[in-house]
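Novice: I'd like to ask some things about the structure below.
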Amino acid sequence: MKLKNALLSATVLAACMFGSASAGELVVGFSQIGSESGWRAAETTVTKQEAEKRGVDLKFSDAQQKQENQIKALRSFVAQGVNAIFLAPVVETGWDDVLKEAKEAEIPVILLDRTIKAPDDLYLTAVTSDQVHEGKVAGEWLVKNAGDKKCNIVELQGTTGSSPAIARKKGFEEALAGHDNFKIVRSQTGDFTRAKGKEVMESFLKAENGGKDICALYAHNDDMAVGGIQAIKEAGLKPGKDILVVSIDAVPDIFQAMAAGEANATVELTPNMAGPAFDVLDAYLKDKKEPPKWIQTESKLYTPADDPMKVYEAKKGLGY
Ligand code: GZL
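Sequence positions in the sequence shown follow mature numbering (1 follows the signal peptide of the UniProt record, and there is no 0) and run -23 to -1, 1 to 297.
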């Protein structure tokens, strides 16, 4: 396989030197989780746009939320002899074997938007936000704005075993520490989807005196929050008032809810993980210098004070 890759790189190099291919004739395999949320759809759109901009031949694979499909896609990319792989890992564990195969083939792997539990020599770098910080910002907003009465919180967790679900829970709980009037009374996965978020929120409302005992909903992403808002309204309560709504991603629909007074805070996650990933890949392919293992993207809190409809208008064309 090493010889094959050497030949491939030489071919690409020769093609670039003698002009029969553009300098960006790079082939990158991208194993995407699926399209479970508006944010994920935007990440896919932006990744394809970034590849196009750079003249990169992007081989795209949608895993429909299944790790086995991601592993199959990675094996296929290795067999094709791509120059690099982008992986948005659906869960944290179970990647060692396939990443060892990519390493054997000398194909660098860059993680997008989620991290994994594996030796860090199995991937070049990870382009992600600080997901613990996101949860903490959400929790701190709630502690600051829910008053000092007893506040029973229900939590819609992301995909079980995924790094954002684990980290955002951790960060939120850190923010609540020391504030004994705040308590998470129910917590369950809504798998980052609107439909499941609504379904689980309906069960929370039923279990908590029709929602009268719930002070706030914390959702690990806006799509589950929007599903939860629907359930709260159908239960005859006012989301954003009777039940505060705090979530993460900053997708356009949460700003529409904010403008209607139905959502209170969201923490922005950029869908552009691919830009920094392509940049670090270009630099690595030139000088083979190992980049840092983590390239952190920014997080920003938005509330109704931030002109939500203006933000909605700015974001709605970005592929969500
Ligand atoms: C977080 C990302 C999450 C988004 C969700 O980095 O992996 O996955 O917050 C998406 O919208 O499903």
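Yeah, the Cβ is synthetic: ideal placement off N, Cα and C, and Gly gets one too.
Smallest Cα separation from residue 41: which of 141, 29 and 17?
Specialist: 17
Novice: According to DSSP, is residue 129 part of a helix, a strand, or is it coil?
Specialist: Judged by DSSP in its simplified three-state form, residue 129 adopts strand.
Novice: Would you identify the three-state DSSP class for residue 195, choosing helix, strand or coil?
Specialist: Strand, per DSSP.
Novice: Could you check where the beta strand (DSSP E) with residue 93 kicks off and where it finishes?
Specialist: Careful: residue 93 lies outside any beta strand (DSSP E) and carries neither H nor E.
Novice: For residue 254, which residues from the same chain have a beta carbon less than 7 Å from its beta carbon, with the 5 sequence-adjacent residues on both sides left out?
Specialist: Taken in chain order, the residues that qualify are 63, 87, 89 and 104.
Novice: Does the beta carbon of residue 63 fall short of 6 Å from some heavy atom of the ligand GZL?
Specialist: no
Novice: Does the beta carbon of residue 224 fall short of 6 Å from some heavy atom of the ligand GZL?
Specialist: no
Novice: Taking residue 198 as the reference, give the member of 293, 169, 124 and 161 with the closest Cα.
Specialist: Put simply, of 293, 169, 124 and 161 the residue whose alpha carbon is nearest the alpha carbon of residue 198 is 169.
Novice: Please report how far the alpha carbon of residue -2 lies from the alpha carbon of residue 30, in whole angstroms.
Specialist: With a pLDDT of 44 at residue -2, under the threshold of 50, the modelled position of this residue cannot be trusted; read the value that follows with caution. One C-alpha to the other measures close to 12 Å.
Novice: I'd like to check one pair, residue 188 with residue 214: are the Cβ atoms closer than 7 Å?
Specialist: yes
Novice: What residue range does the beta strand (DSSP E) around residue 34 cover?
Specialist: Taken as a continuous stretch (DSSP letters only), the beta strand (DSSP E) holding residue 34 covers 34 to 39.
Novice: Ignore the nearest five residues each way along the sequence and tell me which others in residue 266's own chain have a CB closer than 8 Å to its CB.
Specialist: 260
Novice: Straight-line CA distance for residue 120 to residue 241?
Specialist: So the alpha carbons of these two residues sit roughly 13 Å apart.
Novice: Hey, residue 50 and residue 85: beta-carbon distance below 7 Å or not?
Specialist: no
Novice: Relative to the ligand GZL, is the shortest distance from any of its heavy atoms to the C-beta of residue 198 smaller than 6 Å?
Specialist: yes
Novice: Taking the C-alpha atoms as reference points, what is the distance between residue 155 and residue 22?
Specialist: 42 Å
Novice: CA-CA distance, residue 193 and residue 163?
Specialist: Rounded to whole angstroms, residue 193 and residue 163 show a C-alpha spacing of 11 Å.
Novice: Let me check you understand the geometry: is the CB of residue 78 closer than 6 Å to at least one non-hydrogen atom of the ligand GZL?
Specialist: no
Novice: Using a Cβ-based criterion (distance less than 6 Å to any ligand heavy atom), does residue 132 qualify as near the ligand GZL?
Specialist: no
Novice: According to DSSP, simplified to helix, strand and coil, what is residue 5?
Specialist: strand
Novice: DSSP three-state label for residue 108, please.
Specialist: Here DSSP, grouped into helix, strand and coil, assigns residue 108 to helix.
Novice: Within the same chain, show all residues whose beta-carbon is closer than 8 Å to that of residue 146, passing over the 5 residues directly before and after it, in chain order.
Specialist: 112, 132, 134, 164 and 197
Novice: State the start and end residues of the unbroken alpha helix (DSSP H) segment that holds residue 261.
Specialist: 251 to 264
Novice: With DSSP collapsed to three states, give me the class of residue 29.
Specialist: Here residue 29 sits in helix by DSSP.
Novice: Tell me which same chain residues have a C-beta within less than 6 Å of the C-beta of residue 285, skipping the five on either side of it?
Specialist: If the five residues before and after residue 285 are omitted, its C-beta is found closer than 6 Å to the C-beta atoms of 232, 235 and 236, all from its own chain and listed in chain order.
Novice: Cα separation between residue 76 and residue 70?
Specialist: 12 Å
Novice: Please tell me whether, using a cut-off of 6 Å, the distance from the CB of residue 12 to the nearest non-hydrogen atom of the ligand GZL is below it.
Specialist: Relative to the ligand GZL, residue 12 has its C-beta separated by 6 Å or more from all heavy atoms.
Novice: Whole-angstrom Cβ separation of residue 53 and residue 7, contact assumed at under 8 Å?
Specialist: That belief does not hold up - the Cβ atoms of residue 53 and residue 7 are roughly 12 Å apart, past 8 Å.
Novice: Rounded to whole angstroms, what's the CA-CA distance from residue 297 to residue 96? Just pull it up for me.
Specialist: 33 Å
Novice: In this structure, how does DSSP classify residue 239 when only helix, strand and coil are distinguished?
Specialist: coil
Novice: Tell whether a beta-carbon distance below 7 Å holds between residue 114 and residue 223.
Specialist: no
Novice: Can you tell me whether residue 13 is buried or exposed? The criterion is at least 16 other CB atoms within 10 Å of its CB, across all chains shown.
Specialist: buried
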